Structure formats: structure tokens, C-alpha cells
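Read the sequence shown against numbering that gives the first Met the number 0 and you will find it ends at 349, with the numbers running on by one and no gaps. Using N, Cα and C, we set each Cβ at its ideal position, and we do this for glycine too. Predicted model, so just to flag it, every value in this text is computed and none were measured. The structure appears right after this line, and notes come after that.
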Amino acid sequence: MNTHGIDLIKYAAAILVICFHCERVFDDPVINHLFKNVLCRFAVPYFLIATSYFVRRGQQQSPGYIKRYIKSLAKSYLFWSLVYLPIGLMWIQQNYSLSPVLYPVALIVGVFYTGTYYHLWYIPAAIFGIICVQWLLKKTGYITIFSLATLLYGFGSLETYYAYIGNAQLKAFFDQYMSLFITTRNGLFFALIFVVIGFFLWDYREKIIRAQKYLGILVVFTGVLLVIEGMIVYSNVGIDKNFMWMLIPFTSCLFCWSLFIQVDEKIDVKRLRDLGKYYFFIHPWCILWTASLVNSYDFFANTWLQLIVTLIATHLLSSLVITLTQQLPYYYFDLQLMLKVNSVYIQKLI
């Protein structure tokens, strides 16, 4: 098994995240729903499974790996939280009548729960899921954790299947929850099940090898069931469409299948990995920039053109950031060397 196929799927998933956050892609509402709320929805679960898979691998190779990984991820998250803080505050002003006195509270909620902008919720959710699963594995086994995670995912899925809730008491309780916590798309209800799967797939990776010949069929089969579920959701739209049950088996099978994808050696998978990471962090800025073009020039009102411009802008900006981050260590080394040479030269003059 290799990881090149995973990098390839993650890169495609990063593009789907951008497509999901852009305006309507297809004019036909059913096709647009299937694209944005079925196909694009697998991206985040796939990221969670892949991240957890490699975190579990790193933990077994080095006991302190998870602590180091979370520390590194938290630093990156705080940086991007600060980057998006101004537009996050603007969004709050436009959508909520929140007193400026409560802004510090909103900031705390944003950093630890929803993210300071809409896409950043993923990071605290992933961190919570990894810490929680690691702790639970010290106390119990996978059967108990999977049962708990499935139960929690079931509660979270009520936002998707809100129109199907028949019990008045359950509906009233869920309404109270949503009024307090805004969404069930978080580390507890959403991320936990996919983090458990990632840990489990690494621990039982030998069984994946034995099941290799069935994985392609399973991806197609679970994919068809996911589309059917997507149509059920479309017929009675709930509060949101983050949770779908068939995402669990489909994404799990897709991840296992991607372990055996043979990638051409000419493809720079490390470059794709880096691009995918920055696509995720940078694309909201490019979406906002494209929206400003729409307001300024009617030519950009076409939704497909908006999407293409957003994708190109995201790619170019991500490439620029990667180039700068690769060059900075060299500049730092050159600066240190220059300071050292100057110091020696000054000492000789003295």
C-alpha cells in the first residue's frame, strides 16, 4: 500500500470543497444538489479519515507524535483564524444583531467551535476528534467507541433529517440545542465517527489488503446508495445537509480503495499535497474577490466563469504561498550567514 493515491484523492477533494462553497454550479436543481450536496460532501469525511489514519500511524511510531501534531496544527489554525478574523467579524455584523460587548464571546466561540470563518470549523473538530478517540482507546475498545460515535452521529443527522422528525419532544429538544449551539457539524457529532474509522483502518490495515479485490465494487455500490440517500434528502430538505449516513461506508471504502491506486511517478504528489492544503485555507478569500468582480463587472455574473476564476485564483495564490514558504528558510539561512560573516569581519577590524 502507498499514500500517493490518497494524496491524489485529497487534491480532488480540495477542489470539490471550493466548488461546494461557490455559487450554484448547475442550473438544474436536482443535478446541482447531487453535485454539491452528495459528491462534494465526501471531501471533509475523507480528510478526517486520512488525517486520523496517518496520525495513528505516527503515534505507533513515536508515542509523542499526536501531541506534536496537534501543537503544529493548532499553530497553523490560529494563524489562519487571525487572517480570517476581520471578514468573520464583518459577517457577524451583517447576519447578527450582536452587541460589540459580546464580540470577545463570539471570538472564543469562533476559535474553539465554529471557526472565525465558515471553513475553519474543520480544524477544532478534527483536533477534538483525535484527542477524544485517543483517550477512549485507552479506556475501551473499538466496538464501544463505534457504538458511541454512531449514536452521536445519529443525533447530529437530525439537522439533515429534520423534516422527518415525528416525535414532538425530540424535535423540541433538538430546536433548543440548535438555538444554543447553532449546528451539530462539530467534533463530537460529526468528526468523531470518521476519526474512529481512520484509527481503525490503520490498526487493521492487513485486512484491507485481503479485501482489495472487492473495494472497487464496494465504492460503486455505496456510491449508488449515497446518491439514493441524496435524493431522499432533496425531497424533504432539513436545516442543513452536512450529515448523510451513506457517507460513512462510501468514504471508508473510497479511502481503502485509494490505498491501492497506482500513480504515475511523473506526478508530483508532494506538490499536490501542499496545493490541496493551501486550497482549503485560501479559497474563501478568492471567492470573496470573485464576488467583488461580479458586483463590478456583469461579465463575471456567469456562475461557471465565477467558479473557473475562483479555481485559477486559488491555485495561483496557493502556488505563490508555497514558493514563498519554501524560499523563506533559505533567506533565513542567508541572513544568518551574512550576520555571522559581518560579525567576524567586524571583530577582525577591532
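Which residues in the same chain have their Cβ closer than 8 Å to the Cβ of residue i, if we skip the five residues on either side of it in sequence?
| i | result |
| --- | --- |
| D239 | E158, T159, T182, R184 |
| I164 | L157, K170, F173 |
| A300 | V293 |
| V236 | A162 |
| H20 | Y117, H118, H282, P283, I286 |
If we call anything under 7 Å between Cβ atoms a contact, is residue i one with residue j?
| i | j | result |
| --- | --- | --- |
| T221 | F193 | no |
| V218 | L253 | yes |
| L191 | L151 | yes |
| D52 | G197 | Residue identity check: residue 52 is Tyr in the sequence provided, not Asp. Yes. |
| Y68 | V54 | yes |
| Q58 | I65 | yes |
Cutting at 6 Å between CB atoms, please list the residues of its own chain near residue i, excluding the five before and the five after it.
| i | result |
| --- | --- |
| L84 | T115 |
| Y141 | F199 |
| F242 | G155, S156, T159 |
| I321 | D273 |
| L348 | Since pLDDT at L348 reaches only 41, below the 50 mark, its modelled position is unreliable, and no value is offered. |
| G275 | K9, Y10, A13 |
| T113 | W120 |
Going straight from the alpha carbon of residue i to that of residue j, what length do you get?
| i | j | result |
| --- | --- | --- |
| F25 | N31 | 5 Å |
| F46 | K9 | 7 Å |
| I208 | D202 | 12 Å |
| S75 | G215 | 36 Å |
| A167 | K212 | 47 Å |
| I17 | A42 | 10 Å |
| A124 | L187 | 7 Å |
| L224 | D27 | 21 Å |
| T309 | D267 | 23 Å |
| R23 | K138 | 46 Å |
| L101 | S318 | 38 Å |
| I231 | L271 | 35 Å |
| L38 | M89 | 31 Å |
| G86 | Q92 | Reading off the sequence, residue 86 comes out as Ile, not Gly. Near 10 Å, if we compare the C-alpha coordinates of Q92 and I86. |
| L258 | A210 | 12 Å |
| L179 | I126 | 22 Å |
| L316 | V108 | 29 Å |
| L147 | Q325 | 43 Å |
| A73 | T50 | 14 Å |
| S98 | F78 | 26 Å |
Within its chain, find whatever has a CB closer than 7 Å to the CB of residue i; leave out the 5 residues flanking it on each side and keep chain order.
| i | result |
| --- | --- |
| T145 | The sequence given here places Phe at residue 145; Thr does not occur at that position. Once the five neighbours on either side are set aside, the close Cβ partners of F145 are V195. |
| M245 | T221, L224, L225, E228 |
| F111 | P123 |
| T313 | I17, Y278, I281, H282, C285 |
Would the beta-carbon of residue i be found less than 6 Å away from any heavy atom of the ligand ADP?
| i | result |
| --- | --- |
| F145 | With respect to the ligand ADP, the structure offers nothing, as it holds no ligand at all. |
**Message:** Tell me whether the stretch 246 to 262 and the stretch 2 to 9 touch, counting them as touching only if at least three CB pairs, one residue from each stretch, are closer than 8 Å.
**Reply:** yes
**Prompt:** So, do the stretch 281 to 293 and the stretch 302 to 314 have three or more beta carbon pairs nearer to each other than 8 Å?
**Reply:** Contact holds: three or more Cβ-Cβ distances are below 8 Å.
**Request:** Specify whether the stretch 10 to 20 and the stretch 271 to 279 touch according to this definition: at least 3 beta carbon pairs, one from each stretch, less than 8 Å apart.
**Result:** yes
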